[in-house]
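*Asks:* Chains A and B are the protein sequences, given in the same order. Take 15 as the starting number for the first sequence in our numbering and just add one per residue. Take 46 as the starting number for the second sequence in our numbering and just add one per residue. Don't be surprised by glycine CBs; every beta carbon is placed ideally from N, CA and C. I'd like to ask some things about the structure below.
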Amino acid sequence: MTDRLNNNLAKIFACLSNSKRRQIIFAINDTSNEIFTYPLQNNLIIKELKNMEDLGLVKQEQIGIYRLTTVGGAVAECSKGFEFLEKNKDFFADHGFGDVPKSLVQNIGRLTNSHLYYGLHLVFPKWSKIVSESQEFVNCIFSQPPILIADYIGPKIQSGLKIRVLFDKSSKIPDCNEFVKKLGLREHKTNENFNKRIAENAKINLIMSEKEACVIFPDNNGVVDPHGNFISSDPDFVSWCGEFFEYKWNDSEPIARLR
Amino acid sequence: MLMNTEDKGLFADLANPVRLEILKILQTAPSTQSKLASILKMTIQGLQRHIGLLLKSGLIRKDADGNLLLSSVGIAALEQIPTFLFLSTHQNYFKDHDFSGIPKKLVQRLGDLYECEFIDDTMETWQRGKEICENCEEYLVAVTFMQPIEFFDSVKIKLEKGVRFKLGFPESRFVAKGYSQKRAEVGWNDAIKNGQVEEFFVKNVPVTVLVTEKEALLLFSNTKTGQIDGSSAFYSKNKCFRRWGLDLFDYYYHEVERIDTPPIQEV
Chain A
15 MTDRLNNNLA KIFACLSNSK RRQIIFAIND TSNEIFTYPL QNNLIIKELK NMEDLGLVKQ
75 EQIGIYRLTT VGGAVAECSK GFEFLEKNKD FFADHGFGDV PKSLVQNIGR LTNSHLYYGL
135 HLVFPKWSKI VSESQEFVNC IFSQPPILIA DYIGPKIQSG LKIRVLFDKS SKIPDCNEFV
195 KKLGLREHKT NENFNKRIAE NAKINLIMSE KEACVIFPDN NGVVDPHGNF ISSDPDFVSW
255 CGEFFEYKWN DSEPIARLR
Chain B
46 MLMNTEDKGL FADLANPVRL EILKILQTAP STQSKLASIL KMTIQGLQRH IGLLLKSGLI
106 RKDADGNLLL SSVGIAALEQ IPTFLFLSTH QNYFKDHDFS GIPKKLVQRL GDLYECEFID
166 DTMETWQRGK EICENCEEYL VAVTFMQPIE FFDSVKIKLE KGVRFKLGFP ESRFVAKGYS
226 QKRAEVGWND AIKNGQVEEF FVKNVPVTVL VTEKEALLLF SNTKTGQIDG SSAFYSKNKC
286 FRRWGLDLFD YYYHEVERID TPPIQEV
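What follows is the structure, given as structure tokens:
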């Protein structure tokens, strides 16, 4: 990084460090025509807009009417990643992004409109809801068999819903096998719509349908922490989870049955 | 820009060239305060204020041996920074060019384009596009508003060598006189029939991207003319740049609604 670039970058971050300026940028970015009007007597906003104009983030169209520049629009989009990190800084102090590929780490801004639930008693009903309300598909990644939601996945398998489940190579199948029986994990493939695969590692767990998704990150030791779940039905969040699932699915081996 | 007491959070913590440099150094390997002070040519005392702030903000942490390293937040924050660097480097260009036709998820990944060469010359842009076609040995995928007749100069031999092509065009594709005859002569139409070449059409293509197994070229829209600007381009052999280009192509290939093949209108 050259000094000049470092200084430019520091200036942009200094601009974004002010919550009022961030609010203005997001407000313009969220309007369909990307135009921002303000009360002319509001000197505080005028000052902030002037600062942002000097940095090339906004442009005055007419007196009182501002538009985001190309760079300003992109900065607003890219700031979402920082918003997500800021919002969940405490959680990520002892959790990591596991095996999320670089391209999806760059896209973590798409997770911003989600809620972090902490505690199995809170997340279990959410998992069940995602599965039971699914109408098109259910995709899951599990580092350990999903004992708690087997009762919900089982009937969906029977109903012929398209289900894909990806297990970690080190997944341990328990002996108490009511759960294994329910999912037919030891049986050879009999249902065309129920596909199982195994991945070299699955550091992140995921439960998603076409409507809603839940992503579970590992702690700093790389162990999935099922207590902390990000859950949302926001389309950006769901599509991020979908892309992560496809990334892992395409990098895994089909299995006829778990051993 | 001056910051005031209301300014806080990750952006405020990153709004300092020294702290950005510290993070950049820790991105390559964990380090100690004394090593950092030596690299940055600063006193330990001068450095401590920045280190303290980065530790407090959660961008870095200490391991059991006291070495400083990036935290999960720091790693993810640094992944966002190349995008800001790309925008900052090309701020003048983007005064009159925009990201029309680029989905938001790829705008968030503009940092993948950071390691590139900016070509600011029409003839050089044209020539580079031609060379990319000549250099490919496995595949060429593109979304483009035009298909110059010169493109076919190298196509015949490429088709014989088994190179695969996938090209997406807008409804109003620009082609010059003699285009239909030339594409028939080089065997393009036959290659479409046998699946070696695939063409698809979408309503509008406000960006141009060419990607091969070796390199990629990217042209954006000019906001003044409302058209793709062929007088300048971004070019790179960098893996991230190519990956971004392929993802943009995939977006048009898989996610944009297709239209029926329009008749060829030579201009």
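Among all the DSSP beta bridges, which residues are the ones paired with Arg288(B)?
*Replies:* What you label residue 288(B) is simply residue 243 of the second sequence in a count that begins at 1. DSSP output for Arg288(B) lists no bridge partner at all.
*Asks:* In chain order, what are the residue ranges of uninterrupted beta strand (DSSP E) at least 3 long that sit wholly in the stretch 199-273 of chain B?
*Replies:* DSSP assignment within the stretch 199-273 of chain B yields the following whole beta strand (DSSP E) runs of 3 residues or more, N-terminal first: 209-215, 242-247, 253-257, 261-264.
*Asks:* For a cutoff of 7 Å on Cβ pairs, would you count Lys14(A) as touching chain B?
*Replies:* In this structure chain A extends from 15 to 273, so residue 14(A) is not present and cannot be described.
*Asks:* Check each residue of the stretch 133-149 of chain B: if its Cβ is closer than 8 Å to any Cβ of chain A, include it; give the result in chain order.
*Replies:* Listed by position, the residues of the stretch 133-149 of chain B near chain A (Cβ gap below 8 Å) are Ser133, Thr134, Gln136, Phe139, Lys140, His142, Asp143, Phe144, Lys149.
*Asks:* Taking 7 Å as the threshold (beta carbon to beta carbon), is Asp44(A) in contact with chain B?
*Replies:* Indexing the first sequence from 1 puts residue 44(A) at position 30. False, the Cβ-Cβ gap to chain B never drops below 7 Å.
*Asks:* Roughly how many angstroms lie between the CA atoms of Val252(A) and Met191(B), to the nearest whole one?
*Replies:* Your numbering for residue 252(A) matches position 238 in the first sequence. Your numbering for residue 191(B) matches position 146 in the second sequence. When rounded, the distance between both Cα atoms is 35 Å.
*Asks:* Terminal residues of the continuous beta strand (DSSP E) containing Asn137(B)?
*Replies:* Here the question's residue 137(B) lines up with position 92 in the second sequence. Segment: none, Asn137(B) is in no beta strand (DSSP E) and carries neither H nor E.
*Asks:* Is Gly95(A) closer than 7 Å to Ser117(B) when the C-beta atoms are compared?
*Replies:* Within the second sequence, numbered from 1, the residue matching residue 117(B) stands at position 72. Within the first sequence, numbered from 1, the residue matching residue 95(A) stands at position 81. No, Cβ-Cβ distance for Ser117(B) and Gly95(A) is not below 7 Å.
*Asks:* Hey, is Gly95(A)'s beta-carbon within less than 7 Å of any beta-carbon in chain B?
*Replies:* Counting from one through the first sequence, the residue named residue 95(A) turns up at place 81. Output row for Gly95(A): interface = yes.
*Asks:* In the structure shown, what three-state DSSP assignment does Ser185(A) receive?
*Replies:* For the purposes of this step, residue 185(A) is taken as residue 171 along the first sequence, with counting starting at 1. Coil, per DSSP.
*Asks:* Would you report the Cα separation of Leu47(B) and Gly78(A), rounded to the nearest angstrom?
*Replies:* Locating residue 47(B) in the second sequence gives position 2, where the first residue counts as 1. Locating residue 78(A) in the first sequence gives position 64, where the first residue counts as 1. Below a pLDDT of 50, predicted positions are generally treated as unreliable, and Leu47(B), at 49, falls in that range; the measurement from the model is reported next regardless. Using only the alpha carbons, I get a separation of about 23 Å.
*Asks:* Where does Leu47(B) sit, in a helix, a strand or coil, going by DSSP?
*Replies:* The residue given as residue 47(B) occupies position 2 in the second sequence. Interpretation of Leu47(B) is limited by its pLDDT of 49, a score under 50 that renders its predicted location unreliable; the figure taken from the coordinates is listed afterwards. Leu47(B) falls in the coil class under three-state DSSP.
*Asks:* When you compare the CB of Ser31(A) with every CB in chain B, is at least one pair closer than 7 Å?
*Replies:* Position 17 of the first sequence, counted from the first residue, corresponds to residue 31(A). Judged by the 7 Å Cβ criterion, Ser31(A) is in contact with chain B.
*Asks:* Between Gly256(A) and chain B, is any beta-carbon pair separated by less than 7 Å?
*Replies:* Stepping through the first sequence from its first residue, residue 256(A) is reached at position 242. Chain B, which has no Cβ nearer than 7 Å to the Cβ of Gly256(A), makes this no.
*Asks:* Use the C-beta contact count for Leu175(A): other C-beta atoms within 10 angstroms, 16 or more gives buried, fewer gives exposed.
*Replies:* As a working mapping, residue 175(A) is identified with position 161 in the first sequence. Under the 10 Å beta carbon count, Leu175(A) is surrounded by 16 or more other beta carbons and is classified as buried.
*Asks:* Who does Leu175(A) pair with in a DSSP beta bridge?
*Replies:* Locating residue 175(A) in the first sequence gives position 161, where the first residue counts as 1. In the DSSP output, where bridge partners are listed per residue, Leu175(A) has none listed.
*Asks:* Indicate whether at least one CB of chain B lies closer than 7 Å to the CB of Glu224(A).
*Replies:* Taking the first residue of the first sequence as 1, we reach residue 224(A) at position 210. Nearest CB-CB separation between Glu224(A) and chain B: not below the 7 Å threshold.
*Asks:* Can you find the residues in the same chain that come closer than 8 Å, C-beta to C-beta, to Gln172(B), ignoring five residues on each side of it along the sequence?
*Replies:* Indexing the second sequence from 1 puts residue 172(B) at position 127. Excluding residues within five positions, none has a Cβ falling inside 8 Å.
*Asks:* So is Thr126(A) in contact with chain B if we call contact Cβ pairs under 7 Å?
*Replies:* Mapped onto the first sequence, residue 126(A) falls at position 112. Chain B contact via Cβ: absent.
*Asks:* Could you pull the start and end residues of the alpha helix (DSSP H) that Phe98(A) belongs to?
*Replies:* Start at 1 with the first residue of the first sequence, and residue 98(A) comes out as number 84. Here the alpha helix (DSSP H) through Phe98(A) covers 84-101.
*Asks:* Is it buried or exposed for Lys262(A), if we count other Cβ within 10 angstroms and need 16 for buried?
*Replies:* Here residue 262(A) is taken as the residue at index 248 of the first sequence, counted from 1. Answer is buried; the Cβ neighbour count reaches 16.
*Asks:* Using a Cβ-Cβ cutoff of less than 8 Å, which residues in the same chain neighbour Ala221(B) once the five nearest sequence positions on both sides are dropped?
*Replies:* Residue mapping note: residue 221(B) aligns to position 176 of the second sequence, counting from 1. Result list for Ala221(B): Pro193, Ile194, Glu311, Val312, in chain order.
*Asks:* Checking contacts by CB at 7 Å: is Thr73(B) closer than that to chain A?
*Replies:* Counting from one through the second sequence, the residue named residue 73(B) turns up at place 28. No - not a single Cβ of chain A is within 7 Å of the one on Thr73(B).
*Asks:* If we define contact as Cβ-Cβ less than 7 Å, is Gln37(A) a contact residue for chain B?
*Replies:* Along the first sequence, one-based indexing puts residue 37(A) at 23. No, Gln37(A) lies away from the interface with chain B (no Cβ there is under 7 Å from its Cβ).
*Asks:* Report the rounded CA-to-CA distance for Leu19(A) versus Gly111(B), giving the unit in angstroms.
*Replies:* Locating residue 19(A) in the first sequence gives position 5, counting from the first residue. Locating residue 111(B) in the second sequence gives position 66, counting from the first residue. Those two C-alpha atoms are separated by around 31 Å.
*Asks:* Are the beta-carbon atoms of Ser223(A) and Ile144(A) separated by less than 7 Å?
*Replies:* Taking the first residue of the first sequence as position 1, residue 223(A) is located at position 209. Taking the first residue of the first sequence as position 1, residue 144(A) is located at position 130. It is a contact, given that the beta carbons lie within the stated cut-off.
*Asks:* Taking Leu65(B) as the reference, give the member of Thr257(B), Ala236(B), Leu104(B), Asp157(B) with the closest Cα.
*Replies:* Indexing the second sequence from 1 puts residue 65(B) at position 20. Nearest of Thr257(B), Ala236(B), Leu104(B), Asp157(B) to Leu65(B), Cα basis: Leu104(B).
*Asks:* Within a Cβ cutoff of 6 Å, which residues of the same chain sit near Glu225(A), ignoring the five residues on either side of it in sequence?
*Replies:* For the purposes of this step, residue 225(A) is taken as residue 211 along the first sequence, with counting starting at 1. The question names Glu, yet the displayed sequence has Lys at residue 225(A). Closer than 6 Å at Cβ, skipping near neighbours: Ser247.
*Asks:* Less than 7 Å between CB atoms is the rule here; does Glu300(B) satisfy it with respect to chain A?
*Replies:* Residue 300(B) sits at position 255 when you count from the first residue of the second sequence. No, Glu300(B) does not count as interfacial toward chain A.
*Asks:* Short check: CB of Ile212(A) to CB of Ile269(A), under 7 Å?
*Replies:* For the purposes of this step, residue 212(A) is taken as the residue at position 198 of the first sequence. For the purposes of this step, residue 269(A) is taken as the residue at position 255 of the first sequence. Closer than 7 Å, so yes.
*Asks:* So if DSSP puts Gly70(A) in a beta bridge, which residue, or which two residues, is it bridged to?
*Replies:* Position 56 of the first sequence, counted from the start, is the residue given in the question as residue 70(A). DSSP, once it has assigned bridges, lists no residue as partnering Gly70(A).
*Asks:* Rounding to the nearest angstrom, what Cα-Cα distance links Ile230(A) and Pro115(A) in this structure?
*Replies:* Sequence index remark: in the first sequence, residue 230(A) carries index 216 (1-based). Sequence index remark: in the first sequence, residue 115(A) carries index 101 (1-based). The straight-line gap from Cα to Cα measures roughly 15 Å.
*Asks:* Just checking: is the beta-carbon of Glu91(A) within a distance shorter than 7 Å of some beta-carbon in chain B?
*Replies:* Locating residue 91(A) in the first sequence gives position 77, counting from the first residue. For Glu91(A), the answer is yes, since a Cβ of chain B falls inside 7 Å of its Cβ.
*Asks:* Identify which residue in Leu264(B), Asp235(B), Gln153(B) has its Cα closest to the Cα of Ile164(B).
*Replies:* The residue labelled residue 164(B) in the question sits at position 119 within the second sequence. Distance from the Cα of Ile164(B) is smallest, within the candidate group Leu264(B), Asp235(B), Gln153(B), for Leu264(B).
*Asks:* Closest Cβ-Cβ distance between Glu100(A) and chain B: below 7 Å?
*Replies:* Along the first sequence, read from residue 1 onward, the residue named residue 100(A) stands at position 86. Yes, Glu100(A) counts as interfacial toward chain B.
*Asks:* Is the stretch 229-237 of chain B in contact with the stretch 153-161 of chain B, if contact means three or more CB pairs nearer than 8 Å?
*Replies:* no
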